[in-house]
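Okay, so here's the structure we're looking at.
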Amino acid sequence: MPSENSGNVPIRELPQTDRFKEVAQLFAAHYAKKPDFYVRVPGRVNLIGEHIDYCGYGVCPMALEQDVVLAVAVDTKKSILRLHNAEKIYGDFETDLKKFSISIGDGAPDWHQYFLCGIKGIFDILPKDVDLQGMNVVVSGKIPPSAGLSSSSALVSAAALATAHAHNFPMSKEKIANLCAECERYIGTQGGGMDQAIAFLATEGCAKLIEFSPLRSTDITLPPGAVFVIAHSLAKLNKAATADFNCRVVECRLAAQLIAKKRGLNWPNIKRLGDLQKALGVDLTQMITIVQETISEELYTKEEIIGELETTSDQLSQTSLTQNTTHIQSFKLKQRALHVFREARNVEQWASFCTSPPDSTTLSKLGLLMSKSHESLRDLYECSHPQLDRLVELSRELTYGARLTGAGWGGCIVALVAPENVDKYINMLKEKFYSHLPPEQIDSVLFATSPKAGACIFQ
Ligand code: ADP
Ligand code: NG1
Ligand code: MG
Numbered sequence: 084m085p086s087e088n089s090g091n092v093p094i095r096e097l098p099q100t101d102r103f104k105e106v107a108q109l110f111a112a113h114y115a116k117k118p119d120f121y122v123r124v125p126g127r128v129n130l131i132g133e134h135i136d137y138c139g140y141g142v143c144p145m146a147l148e149q150d151v152v153l154a155v156a157v158d159t160k161k162s163i164l165r166l167h168n169a170e171k172i173y174g175d176f177e178t179d180l181k182k183f184s185i186s187i188g189d190g191a192p193d194w195h196q197y198f199l200c201g202i203k204g205i206f207d208i209l210p211k212d213v214d215l216q217g218m219n220v221v222v223s224g225k226i227p228p229s230a231g232l233s234s235s236s237a238l239v240s241a242a243a244l245a246t247a248h249a250h251n252f253p254m255s256k257e258k259i260a261n262l263c264a265e266c267e268r269y270i271g272t273q274g275g276g277m278d279q280a281i282a283f284l285a286t287e288g289c290a291k292l293i294e295f296s297p298l299r300s301t302d303i304t305l306p307p308g309a310v311f312v313i314a315h316s317l318a319k320l321n322k323a324a325t326a327d328f329n330c331r332v333v334e335c336r337l338a339a340q341l342i343a344k345k346r347g348l349n350w351p352n353i354k355r356l357g358d359l360q361k362a363l364g365v366d367l368t369q370m371i372t373i374v375q376e377t378i379s380e381e382l383y384t385k386e387e388i389i390g391e392l393e394t395t396s397d398q399l400s401q402t403s404l405t406q407n408t409t410h411i412q413s414f415k416l417k418q419r420a421l422h423v424f425r426e427a428r429n430v431e432q433w434a435s436f437c438t439s440p441p442d443s444t445t446l447s448k449l450g451l452l453m454s455k456s457h458e459s460l461r462d463l464y465e466c467s468h469p470q471l472d473r474l475v476e477l478s479r480e481l482t483y484g485a486r487l488t489g490a491g492w493g494g495c496i497v498a499l500v501a502p503e504n505v506d507k508y509i510n511m512l513k514e515k516f517y518s519h520l521p522p523e524q525i526d527s528v529l530f531a532t533s534p535k536a537g538a539c540i541f542q
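The sequence shown begins at 84 in the numbering used here and counts up one residue at a time.
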């Protein structure tokens, strides 16, 4: 049953915690006044269902305690945005909201561009006669950045939520989640919407099965004795800095279009592997057979794809590619599509194991799905990293299973651990993987988690 997720993003009384007190102090020190309101948006860990949201398939993330908090004072007289970040590495930023633009060049975008994506998302839908409000903002983020725990979406979503609230524009959780998925694409990455969905739809105490088109979420109660530990590989990748992420999105699209063409469908209309499955009206196992029989394991050159689709380079750019993938000359299709359909099946099995009465095999079955998922991401999707593989290897003995989480190419793994093994497992990793780090730095890269609540406004 879909859970009680609908309704607007909640507005609650400000909790008297150290986290909010610190942000309030920083705000007072920087702006010499009190904020009008705060927003909190959590990061997330994806338990299963990697690189399939943008193909239209369901995923199973949960929200983290680590979050982005904004303190905001609205300036009704001037339309100036001022940003001050708790971390000094993120410099101050100021712009007039009547004439800002998002500028994306080569390399990693400046951090404030993510914030502007969220603002633009709301401005795109505000009634034209609304007076634009200025905002003085303090940003405090505790999600390890570029590590697959969705720091980017927490920042974009927090910016959008604050902008909507500053303009008295309440929104349902689903509506703002969809809007944030759309507007984060202004940064250049063509993500699928998982991160923004869990950011708004999460409820404390359970993971969620998030499904798309239309966006909906179902509670996934994790079996008793399931502890999820996150471990950072210490390698990082900003997803907007390279074409890696969009290349995978495009490879999945090209695989779908090639099969569509061979099956006599109107291929330019098929953008996702999920669209193809719907059009063919078959199940995931049949899709796997179709991929095995239709697509070659060899690399496809761009020329070959243009030939098979009977199209032109310009048309292919329009129907299938993104701005930062037009230069790519060869694509792997079979391996990517096989990963997607098998991973979509992993999610179905995960949900069914979690909804059946738990028995002595449940945790092992979930762990096995996680290990299978990692192998597929490493070998078929090629988005792992030697340090992620090493962490997964080290996790063999003391966990039920482990896998990379988020987009990969660095970032974190998530491991399923029995409560009695958590300390042992963490100590083993401290010794074998993090021995070169000062002890005070380890807590932010190696920690156990439990499912936390979604985004909230506090005043
Ligand atoms: P992730 O896997 O964490 O979503 P991305 O590569 O998508 O990683 O986004 C990371 C980027 O988000 C950072 O390079 C930075 O620009 C921005 N970011 C993340 N956390 C913060 C923060 N606390 N303050 C400012 N910017 C942040
Ligand atoms: P991260 O690693 O948090 O940037 C990205 C995408 C998700 C999803 C995962 C892979 C964005 C904003 N996020 O997450 O939609 O595709 O990778 O499962 O693009
Ligand atoms: Mg991100």
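Beta carbons: idealized from backbone N, C-alpha and C, even for Gly.
- Taken through DSSP and simplified to helix, strand or coil, V332 comes out as helix.
- Across the structure, S162 and V106 are spaced so that their CA atoms are roughly 23 Å apart.
- Check the Cα spacing between F530 and each of H519, V497 and F541: the tightest is with V497.
- Neighbourhood of the ligand MG, defined by CB distance below 6 Å to any of its heavy atoms: S233, S235, S236 and K322, in chain order.
- Counting other Cβ atoms within 10 Å of its Cβ, D358 reaches 16 or more and is therefore classed as buried.
- If you ignore the 5 residues before and after R419, its C-beta comes within less than 8 Å of the C-beta of R331, E334, C335, A338, L463 and Y464, all in its own chain and listed in chain order.
- Here N219 has Y114, A156 and R165 as same chain residues with Cβ atoms under 6 Å from its own Cβ, once five neighbours each way along the sequence are excluded.
- Boundaries of the alpha helix (DSSP H) harbouring H248: S234 to A249, taken from the DSSP string.
- Between the alpha carbons of N251 and L392 lies a distance of about 49 Å.
- Along the length of the region 93 to 119, whole beta strand (DSSP E) runs at least 3 residues long do not occur.
- Residue nearest to S467 within the set T488, Q279 and L244 is T488 (criterion: CA-CA distance).
- Counting the other Cβ atoms within 10 Å of the Cβ of E170 gives fewer than 16, which makes it exposed.
- It is roughly 12 Å from the alpha-carbon of M511 to the alpha-carbon of R479.
- A residue is called buried when at least 16 other Cβ atoms come within 10 angstroms of its Cβ; G364 does not meet this threshold and is exposed.
- Proximity of the beta carbon of Q196 to the ligand NG1 is not indicated: no heavy atom of the ligand is located closer than 8 Å.
- In the DSSP assignment, F311 forms a beta bridge with L499 and T532.
- The beta carbon of N407 lies closer than 7 Å to those of G271, A326 and N329 in the same chain, with the five residues before and after it left out.
- For C466, there is no enclosing alpha helix (DSSP H), since its DSSP letter is neither H nor E.
- Restricting attention to L232, C266 and Y197, the CA atom closest to the CA of F206 is found in C266.
- Restricting attention to alpha helix (DSSP H) runs no shorter than 4 residues, the region 427 to 457 encloses none.
- Around the CB of L305, 16 or more other CB atoms lie within 10 Å, so the residue is classed as buried.
- By the criterion of a C-beta distance shorter than 7 Å, S296 is surrounded in its chain by G139, once the five residues flanking it on both sides are discounted.
- As a beta-bridge residue in DSSP terms, H167 pairs with V221.
- The three-state secondary structure of M145, taken from DSSP, is strand.
- Only residues of its own chain outside the window of five on either side were considered, and among them L348 have a CB closer than 6 Å to the CB of A362, listed in chain order.
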